[in-house]
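Enquirer: Structure incoming, see below.
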Amino acid sequence: MSSAFADIAFGGLFQGSLYAMMAVGLALVWTTIGVFNFSHGVLMMLGAYVAWQLIEIGLPAWAAFPLAIVAMGGVGWLLQASVVRPLIGRPNIVLVVVITTLAAGSLIENGALTVWGPRSKQLPSLIAGNTTIGGVGVSLHQIAIIVITPVILGALWLFLNRTRLGLAMRAVAQNEDASHLVGLNVTALYGLAFGIAASLAGLAGIFIGGYRFMSPVMGSDPLLKALIVVVFGGISSVSGPIFAAYLIGFFEAACNYYFGLYWTPTLLFAVLILILMVRPEGIFASRSRGLA
Amino acid sequence: MSNPILSIEGVTAGYGRVTVLRDITLEAGRFGNVGLFGPNGHGKTTLLRVVSGLLKPQSGRVVFDGVDIAGESARSIVARGLIHVPQGNRLFPDLSIGDCMALGAFSPHARPHEEENREKVVKLFPKLAERWRQKVRTLSGGERQMVSIGTALMSHPRLLILDEPTLGLAPKIKDELCASVLEISRGGVPLIVVEQDIEFLLELSQQLYLIDHGAVSTEIKPGEKSLGHEEIMSMYFGH
Amino acid sequence: MTDAVAPAIPTRAVPVSPGRTPWKHEAIGFAIALLVLALLPLFIGDTYSRHVLIMVFIYAVVASNWDLSLGYGGVFNFGHLALFGIGVYAYSLLTKLVGLDPWLALFAGGVIATVAAVLVTIPILRLKGIYIILVTFGFAQLVMQIVISQSAITGGTQGLVRVPGLYWFDHNMIRDGKFAYFYIALGLLVASTIFLRVFVRSRLGAGVVALRDNEEYAISRGMSLVRQRMITLAASAFFTGMAGAFYAAYQRNASVDVFGMSLATIILSMVLLGGASTIYGAIIASFVLTVFGEAMADFGAWRPMITALLIIVVMLVYPSGLVGMIRAGWGAIAVRMKRTA
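Residue numbers (the numbering used here), protein chains in the order written: chain S, 19 to 310; chain A, 1226 to 1464; chain H, 34 to 374.
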């Protein structure tokens, strides 16, 4: 019994942390700009590969990881400037951005395939080694993910709620015209939101690359997971999806334990669709879009 | 008298293929506050959007304080001290009053005056101080309008543009708001006000423009004509 | 910005109101295009080119039917490829496990996809814009997960092989240089296109467009959102499902790749590149994109990158897609001709 509890608790925390990290950037972009970035998964892949490349040229992991995350911020900015910003103001922007970000994702994915080849690679763990907690064997890398994720999410919360720049980002999410009229640089804030989102995607990629083999197509599954989390949590805030991520993590862990890996995805989707039929705006959603 | 602080010279503007403003020309600041009125959908709001940089004019000049600002970004126009309070007080529903005030002072030119402006706003609208941490969406219509105007004051305006500030407000609240707006004007900030409530407009402004079909159809300067309610109503419906 | 999720896709340059081009003109154009396509195998002898054309026809059916729900209906159905996938698996399972006649199974693929579309409509009836994207996307994932998890029947990620193909009396379908499959695919495209054009030009189609463009008004005029949405999605599903079934018969296998993002991306680009709510646009774009993709086969890994870049550029420069581009180009030529005249 105690083993069941430890299994589910640890599995839930680990999966939940991963999902939260995958989804938070997607939610940030949706709430500020009102578009879905379908290249978010590809950005996770790119973050992992950039980190791998930096280590390959001789950088230690503690320098390579932060550097890769910063570089991803730049990639996010560029992506926003090239395939999102020119479309702002178009009536069918949601749909067109889906296709431009998908295409940009395909471009990056195939670029990665050309540069790094299809052979799978692996990143070093955040912390090497294994341990046992409550009778469950776990890797320190997983523990590190469980610890780092809340720290990063907390920092993001502080940034959004306790700094003037964060305030400006929340404002842009609520009313674009009014943001112009108080003198906000709306374009730069959009770029910043995309940049932060891409950095967070990069970090998620480094998390993944540390315990699974990396390949240029590794981003599509996390993108799906992130989308599910965001839908489930409600697309009107950043905190909703974070709660949802952990909830889904625990749900999956419990399903895995009681019904086995085989049924978990089907059960999860069935529950998801049921919930959306009852509460189409997601379970943690408020009425309007906004960052919090 | 003095030079106009804002002059709009032959501005043509619109959305897509639809032209809303046709070669419109008017001035503000020479005779005190300016009131704009006229039927809905004839370009008042569009004119304000051009002035504050939300909409780029197709042609014409917008001269603020001697500089042509037509086509400049909204941000740099805000930095010049030309502040526009848009219609409908829907500002930022999920921000608190305090957040909105901090946002008003976002522009670098307003930042040094943040303290003094905040005191001004609190003195003008004591109600806001009581609800400082409350979200805008939970406020009444009148209070939300106070937040909108307060936010604009935080931007350290040299010219304040109000677009239908009394829209949907009860008469008693209108009077209160009118007193506060007059107070702002007495404090040395000239105003441009768009308003449907003629009494309100007459009380606030010295110079009136009737805007019709995207152009000025009548201009009333102080002393030229008597500004009576009757005449203005007949201008609305008279032709 | 809260209104950013407009359910409508206005396309000013394109006549979407039914009956603007006279029936006769459209029928003549249609007949000429059909004749050209039908004669193609006489000039194109090699099997590979015929294969490419068959793929064009399949993609064109899927893309143009997607255009019905996405472009005309304004329903952001991101589960459209799942309907195609349902056709693939319905055909494969019915022929392989149940032993149903392939032609009946082809038809059944369309019917089952239609039923599935009606089922998906239920959760999205009251939803708008982005929520529809997310729920239909979830539906597609659900279908894929079911297929993967029920591997005892569906073959899971391995897929199904040796799916029975179609037959034509004693004709050898395999060694005829894809002659028969070419005409079946063309027949499918023709039937689907006639169906779509008749649908969008009908009163029913006009109602769908009205509902897309002004929901409140259309409802106040007595239209039923629920009924129209269901009809639009069901109508877009039938030939999509049949195309899936045909695809399975032609490839003689079924794989979960049909549910993947990459195929969805390609087909969606066809719809949007073609210019939403044109039907013909999606068909032309299927042709252009597929042939373009094949023509660049020599570029290897660069091929998908060039395609992606092309899609981005067209979307940025011509928001109404290839049709907008053709119109713009045509307009420029017309202006020049007038000047010289």
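Note that the Cβ used here is the ideal one computed from N, Cα and C, for glycine as well.
(1) Rounding to the nearest angstrom, what Cα-Cα distance links G1254 of chain A and D1388 of chain A in this structure?
(2) Taking the DSSP output, what are the residues bridged to D1388 of chain A?
(3) Within 8 angstroms of any Cβ in chain S, is that where the Cβ of H1464 of chain A sits?
(4) Should R305 of chain S be labelled buried (16 or more other beta-carbon atoms within 10 Å of its own) or exposed?
(5) Does the Cβ of N1228 of chain A have 16 or more other Cβ atoms within 10 Å, making it buried, or fewer, making it exposed?
(6) Suppose the cutoff is 8 angstroms on Cβ atoms and the five residues either side in sequence are ignored; what does the same chain contact list for M326 of chain S look like?
(7) List the residues of chain H whose Cβ lies closer than 7 angstroms to the Cβ of L61 of chain S, in chain order.
(8) If we define contact as Cβ-Cβ less than 8 angstroms, is T1271 of chain A a contact residue for chain S?
(9) I need the DSSP call for G143 of chain H, collapsed to helix, strand or coil.
(10) Should G1373 of chain A be labelled buried (16 or more other beta-carbon atoms within 10 Å of its own) or exposed?
(11) In this structure, how does DSSP classify A287 of chain H when only helix, strand and coil are distinguished?
(12) May I have the straight-line CA-CA distance separating L96 of chain S from R103 of chain S, to the nearest angstrom?
(13) Have a look at S:Q98, S:G153, S:I226 and S:G76 and flag the residue whose alpha-carbon is nearest the alpha-carbon of A24 of chain S.
(14) With DSSP as the reference, label Y1240 of chain A as helix, strand or coil.
(15) For the candidate residues H:I207, H:A218, H:V108 and H:N247, whose alpha-carbon lies nearest to that of V153 of chain H?
(16) Give the straight-line distance between the Cα atoms of A173 of chain H and V180 of chain H, rounded to the nearest whole angstrom.
(17) Could you give the distance in angstroms between the alpha-carbon of L349 of chain H and the alpha-carbon of Y200 of chain H?
(18) What's the C-alpha gap between S157 of chain S and M39 of chain S?
(19) So that I know if they touch, is there some Cβ in chain S lying closer than 8 angstroms to that of S1380 of chain A?
(20) Consider the Cβ of M295 of chain S: report whether some Cβ of chain H lies at a distance smaller than 8 angstroms.
(21) What residues of chain A sit near L185 of chain S, judged by a beta carbon separation below 7 angstroms?
(22) Using a Cβ-Cβ cutoff of less than 8 angstroms, which residues in the same chain neighbour A146 of chain H once the five nearest sequence positions on both sides are dropped?
(23) Starting from D1437 of chain A and walking both ways along the alpha helix (DSSP H), at which residues does that stretch end?
(24) Taking R297 of chain S as the reference, which of H:L137, H:Y164, H:L126 and H:V131 has the closest Cα?
(25) Do V112 of chain S and V53 of chain S count as a contact pair if the criterion is CB distance below 8 angstroms?
(26) Under a CB-based cut-off of 8 angstroms, is I179 of chain H close to chain S?
(27) Grab me the residues of A37 of chain H's own chain with a C-beta within less than 6 angstroms of its C-beta, minus the 5 sequence neighbours each way, in chain order.
(28) For the candidate residues S:Q192, S:S233, S:K243 and S:V256, whose alpha-carbon lies nearest to that of L175 of chain H?
(29) Would you give the residue range spanned by the beta strand (DSSP E) that I151 of chain S belongs to?
(30) So, with DSSP's three-state summary, where would you put A1295 of chain A?
(31) Roughly how many angstroms separate the alpha carbons of G1474 of chain A and S238 of chain S, rounded to a whole number?
(32) Between the Cα of G60 of chain H and the Cα atoms of H:V321, H:T323, H:Y313 and H:I77, which residue gives the shortest distance?
(33) Restricting to Cα atoms, I'd like to know which of A:D1290, A:A1327 and A:F1350 is closest to E1340 of chain A.
(34) Could you give the first and the last residue of the continuous alpha helix (DSSP H) run that contains S184 of chain H?
(35) In this structure, what does DSSP give as the bridge partners for L1261 of chain A?
(36) For the beta strand (DSSP E) that contains G1285 of chain A, what are its first and last residues?
Expert: According to the structure shown:
(1) 17 angstroms
(2) A:V1419
(3) For H1464 of chain A, the predicted structure reports a pLDDT of 45, less than 50, and the residue's modelled location is therefore unreliable. The matter cannot be settled from this model.
(4) Confidence at R305 of chain S is low in this model, with a pLDDT of 49, below 50, so the placement of that residue is unreliable and no value is reported for it.
(5) exposed
(6) Residue 326 of chain S is absent from the model: chain S starts at 19 and stops at 310.
(7) Ordered by position in chain H, no residue passes the 7 angstroms Cβ test against L61 of chain S, which lies about 15 angstroms from the chain.
(8) no
(9) helix
(10) First, the residue type needs correcting, since residue 1373 of chain A is Ser and not Gly in the sequence shown. Buried: at least 16 other Cβ atoms inside 10 Å.
(11) strand
(12) 10 angstroms
(13) S:G153
(14) strand
(15) H:V108
(16) 11 angstroms
(17) 45 angstroms
(18) 19 angstroms
(19) yes
(20) yes
(21) D1324, A1327 and L1328
(22) L116, F117, I119, G120, A123, A270, F271, T273, G274, M275 and G277
(23) From DSSP, D1437 of chain A is part of no alpha helix (DSSP H) but of the beta strand (DSSP E) over Q1432 to D1437.
(24) H:Y164
(25) yes
(26) yes
(27) At A37 of chain H the pLDDT is 41, less than 50, meaning the model places this residue with poor confidence and gives no usable figure here.
(28) S:K243
(29) N148 to I151
(30) coil
(31) The structure shown does not extend to residue 1474 of chain A, since chain A is modelled only from 1226 to 1464, so the question has no answer here.
(32) Note on identity: in this sequence residue 60 of chain H is Ala, with Gly being the wrong assignment. Looking at the Cα atoms, H:Y313 is the closest of the given residues.
(33) A:A1327
(34) S184 to T187
(35) A:V1419 and A:Y1434
(36) S1284 to F1289
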